[in-house]
Amino acid sequence: MNSNLEIEKDWKLSSLAGSIYSFFVRKFDGEQGTALAQLARELVMQTGNGSSHLVSEQAEVIYKDWSSLPAVGREDDIHPLVRTIDNKLYFRRFFEYEKKVAVVLAKRVENQGNESSAQLGMAVFDSLDEQQKIAVQTALQKDLLLLTGGPGTGKTRTIVSILLAQLLNKPNTRIALAAPTGKAAFRMRQSILSAINSFEIEDSIRSALFDCSRSTTLHRLLGSKLGSVDFRRNEQNPLPHDMVIVDEASMVDLPLMAKLCASLREESKLVLVGDADQLAPVHGGAVFSGLVKASVSDKELSDNLVRLSVNHRRSQSPTASVLGDLCDAIRDGRSNDAMEFVHTDTDHISLFDKLDDTSIDQFILEGFDNLANSKSPDRALSALADFRILCPHNQGIYGVENWNRRAEGLLPSGKLIPSPVVIGVNDYTVGLFNGDDGVRVGKSTYFWAEEGTREVAHSRLPSHQLGYATSIHRSQGSEFDTVLIVLPPADARLLTRELLYVAASRAKRRIILLGDTKALKAAVERNEESRSGIYDLLKRSM
Numbered sequence: 004m005n006s007n008l009e010i011e012k013d014w015k016l017s018s019l020a021g022s023i024y025s026f027f028v029r030k031f032d033g034e035q036g037t038a039l040a041q042l043a044r045e046l047v048m049q050t051g052n053g054s055s056h057l058v059s060e061q062a063e064v065i066y067k068d069w070s071s072l073p074a075v076g077r078e079d080d081i082h083p084l085v086r087t088i089d090n091k092l093y094f095r096r097f098f099e100y101e102k103k104v105a106v107v108l109a110k111r112v113e114n115q116g117n118e119s120s121a122q123l124g125m126a127v128f129d130s131l132d133e134q135q136k137i138a139v140q141t142a143l144q145k146d147l148l149l150l151t152g153g154p155g156t157g158k159t160r161t162i163v164s165i166l167l168a169q170l171l172n173k174p175n176t177r178i179a180l181a182a183p184t185g186k187a188a189f190r191m192r193q194s195i196l197s198a199i200n201s202f203e204i205e206d207s208i209r210s211a212l213f214d215c216s217r218s219t220t221l222h223r224l225l226g227s228k229l230g231s232v233d234f235r236r237n238e239q240n241p242l243p244h245d246m247v248i249v250d251e252a253s254m255v256d257l258p259l260m261a262k263l264c265a266s267l268r269e270e271s272k273l274v275l276v277g278d279a280d281q282l283a284p285v286h287g288g289a290v291f292s293g294l295v296k297a298s299v300s301d302k303e304l305s306d307n308l309v310r311l312s313v314n315h316r317r318s319q320s321p322t323a324s325v326l327g328d329l330c331d332a333i334r335d336g337r338s339n340d341a342m343e344f345v346h347t348d349t350d351h352i353s354l355f356d357k358l359d360d361t362s363i364d365q366f367i368l369e370g371f372d373n374l375a376n377s378k379s380p381d382r383a384l385s386a387l388a389d390f391r392i393l394c395p396h397n398q399g400i401y402g403v404e405n406w407n408r409r410a411e412g413l414l415p416s417g418k419l420i421p422s423p424v425v426i427g428v429n430d431y432t433v434g435l436f437n438g439d440d441g442v443r444v445g446k447s448t449y450f451w452a453e454e455g456t457r458e459v460a461h462s463r464l465p466s467h468q469l470g471y472a473t474s475i476h477r478s479q480g481s482e483f484d485t486v487l488i489v490l491p492p493a494d495a496r497l498l499t500r501e502l503l504y505v506a507a508s509r510a511k512r513r514i515i516l517l518g519d520t521k522a523l524k525a526a527v528e529r530n531e532e533s534r535s536g537i538y539d540l541l542k543r544s545m
């Protein structure tokens with residue numbers, strides 16, 4: 004046993020990791036029980052990095068002969084822990100989830116389809132770049148498309164083009180559009196409607212696009228059951244759709260992806276859209292990112308992958324070009340280039356190294372000024388896109404709670420002055436979902452709805468918190484004119500290039516960084532280590 008891996012008294016385990024640790028200690032005696040507990044705890048903690056398993060070398064650090072432990076079984080056993088044939092260690096539930104995803108996707112990779120691409124000569128497709136055209140062709144001709152690209156690369160326009168091409172080739176196609184959160188589904192719907200209006204197409208075709216552009220959450224699409232982790236849609240009761248398009252796929256964790264895959268009919272197409280360079284899902288798995296990274300070097304899978312790399316915003320705006328260059332440097336780990344952008348383009352990028360710098364208070368006051376002075380709910384909701392404070396975690400001086408208090412103390416207060424709120428859980432009875440942004444005015448809170456704004460009595464809101472600040476993880480799928488990014492110290496383990504990339508890529512006009520140059524450089528140079536076993540299982544299934 005490695006003594007360096009004894010439980011640190013000052014380390015607060017997550018409740019799940021702690022519970023699982025305690026279970027194995029109680030269930031199995033002595034050194035083996037402690038080893039199993041530590042292995043299980045490490046598996047839980049690794050899910051936060053998007054990892055679904057431990058490789059043999061990681062497990063051996065905890066216990067050399069880990070595969071002989073009493074709770075570790077083969078792939079076809081019923082033990083709670085699984086040793087795969089290639090010596091990976093899984094929780095059985097996660098192994099079964101990955102196997103389900105792998106089997107479903109393998110069938111779609113093997114089935115190359117035979118859809119016609121004759122309609123691609125239309126004028127509307129001439130406005131697409133070459134990568135977007137390839138994406139549309141791939142969606143028509145194959146049963147699986149992995150579409151990845153950063154902000155501004157035209158993912159939404161490509162989705163609309165896929166819808167249009169599919170409807171032109173098969174007018175009666177049943178298409179579902181979904182996203183992992185309510186906020187992402189709403190933004191997907193708004194972006195798609197905007198893109199549809201930008202196309203020069205016949206009114207009848209435009210009407211058909213509007214009809215199939217209603218997006219929803221994955222939970223609602225699959226049919227959540229109160230008090231259950233299962234859904235109404237499954238292998239016995241599959242979704243009726245011919246094509247399912249999922250936006251913000253990088254945010255979909257392994258359990259949800261497995262249940263989506265289980266609900267698909269064998270002949271249905273699956274289009275996964277997202278940014279593979281973003282953070283891993285909170286509950287682990289990193290399915291989309293793992294598939295994209297594996298597809299780059301795999302000829303068979305690469306035919307199902309399209310990476311959009313042309314940033315259309317940069318050609319339209321000098322500001323977008325500057326911020327885009329910074330995001331590229333962060334994503335690619337080029338710390339010297341990132342530092343140069345920060346220090347030379349002070350009109351669009353600012354760096355402050357003191358948390359109590361009075362300039363920060365002024366930025367907060369100016370950033371939320373339109374919100375505080377809004378005279379109607381819809382204007383207040385629109386003002387939420389002006390400014391946001393992005394934090395690495397929830398608690399502590401760098402956390403969401405502290406920065407919400409700081410902003411609240413600076414801004415004017417009163418019953419009729421709008422204040423932002425963020426929903427923290429999914430509540431299907433009220434119709435509000437984790438990550439939904441709203442504005443409280445008096446006893447009511449307002450949210451965007453398909454037909455304008457929706458009013459909900461504040462007393463009916465599910466768990467929520469102030470929304471001046473939000474976690475970087477939760478900000479995925481959102482955009483703001485200006486973001487204030489709070490950086491923890493350079494030695495913080497969670498400070499990675501993926502975290503900084505997500506935060507920086509939320510901004511459309513300006514980035515304000517709060518942290519020292521050591522923290523910024525460390526973030527760009529530290530890569531998040533995520534491991535998905537989907538690729539290996541998928542290849543075994545083909």
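Under our numbering, residues 4 to 545 are what the sequence shown spells out, in order. Even for Gly, the Cβ is constructed at its ideal location relative to N, Cα and C. It should be emphasised that the depicted structure is a prediction, and the values quoted were computed from it without experimental measurement.
Just to confirm the assignment, what range does the beta strand (DSSP E) spanning residue i have?
i	result
leucine 311	308 to 311
alanine 472	472 to 474
isoleucine 420	Looking at the DSSP string, isoleucine 420 is not in any beta strand (DSSP E), and its letter there is neither H nor E.
arginine 457	455 to 460
phenylalanine 1	Residue 1 is absent from the structure shown; the chain starts at 4 and stops at 545.
Helix, strand or coil for residue i? Go by DSSP, reduced to three states.
i	result
phenylalanine 202	coil
alanine 121	Unreliable placement is indicated for alanine 121, whose pLDDT of 46 sits below 50; no coordinate value is reported for it.
valine 489	strand
serine 59	helix
proline 321	helix
glutamine 365	helix
tryptophan 14	A caution first: tryptophan 14 carries a pLDDT of 35, below 50, which makes its placement in the model unreliable, though a value can still be read off. Here tryptophan 14 sits in coil by DSSP.
glutamine 281	coil
glutamine 468	strand
lysine 378	coil
threonine 184	coil
arginine 513	strand
isoleucine 88	coil
valine 505	helix
valine 255	coil
tyrosine 449	strand
leucine 498	coil
threonine 159	helix
serine 544	helix
threonine 349	coil
phenylalanine 2	Since the first residue shown for the chain is 4 and the last is 545, residue 2 is missing from the structure and cannot be characterised.
asparagine 5	Model confidence at asparagine 5 stands at a pLDDT of 38, short of 50, so the residue's coordinates are unreliable; what they give is reported in the following sentence. Three-state DSSP puts asparagine 5 in coil, outside helix and strand.
glutamate 528	helix
arginine 209	helix
tyrosine 66	coil
glutamine 193	helix
lysine 173	coil
serine 130	coil
arginine 463	helix
Ends of the alpha helix (DSSP H) at residue i?
i	result
lysine 110	95 to 113
leucine 435	Careful: leucine 435 lies outside any alpha helix (DSSP H) and carries neither H nor E.
histidine 396	Neither: histidine 396 is in no alpha helix (DSSP H) and is coded neither H nor E.
glycine 412	403 to 413
lysine 145	Careful: lysine 145 lies outside any alpha helix (DSSP H) and carries neither H nor E.
phenylalanine 234	Note, phenylalanine 234: premise wrong, no alpha helix (DSSP H); not H, not E.
glutamate 45	33 to 50
serine 292	290 to 299
leucine 304	302 to 305
To which residues does DSSP link residue i through a beta bridge?
i	result
glutamate 78	Per DSSP, none; premise fails for glutamate 78.
aspartate 440	Val425
methionine 342	The partner list for methionine 342 (beta bridge, DSSP) is empty, contrary to what the question assumes.
glycine 152	Leu311
lysine 272	Met246
alanine 179	Val247
serine 227	Phe234
threonine 219	Ala181
phenylalanine 483	Ala510
Q: Check whether the region 169 to 180 touches the region 248 to 267, taking contact to mean three or more Cβ pairs, one atom from each stretch, closer than 8 Å.
A: Yes: at least three Cβ pairs fall under 8 Å.
Q: Pair every Cβ in the region 388 to 396 with every Cβ in the region 346 to 360, then say whether three or more of these pairs are closer than 8 Å.
A: The region 346 to 360 and the region 388 to 396 do not touch, with fewer than three beta-carbon pairs separated by less than 8 Å.
Q. Taking one C-beta from the region 405 to 414 and one from the region 479 to 486 each time, how about it: are there three or more such pairs within less than 8 Å?
A. As far as the Cβ criterion goes, the region 405 to 414 does not touch the region 479 to 486, which means the pair count is below three.
Q | contact_flag[the region 285 to 303, the region 196 to 210] where n(CB pairs < 8 Å) is 3 or more | A | Contact between the region 285 to 303 and the region 196 to 210 is not established, with fewer than three Cβ pairs separated by less than 8 Å.
**Q.** Sufficient close CB pairs (3 or more, under 8 Å) joining the region 220 to 227 to the region 250 to 269
**A.** With a cut-off of 8 Å, the region 250 to 269 and the region 220 to 227 count as touching, because enough Cβ pairs lie within range.
Q.
Three Cβ pairs or more, each shorter than 8 Å: is that satisfied between the region 230 to 239 and the region 261 to 281?
A. Touching, yes.
Q | Meets three-Cβ-pair contact criterion under 8 Å: the region 412 to 420 and the region 369 to 383 | A | Enough Cβ pairs lie closer than 8 Å, so yes.
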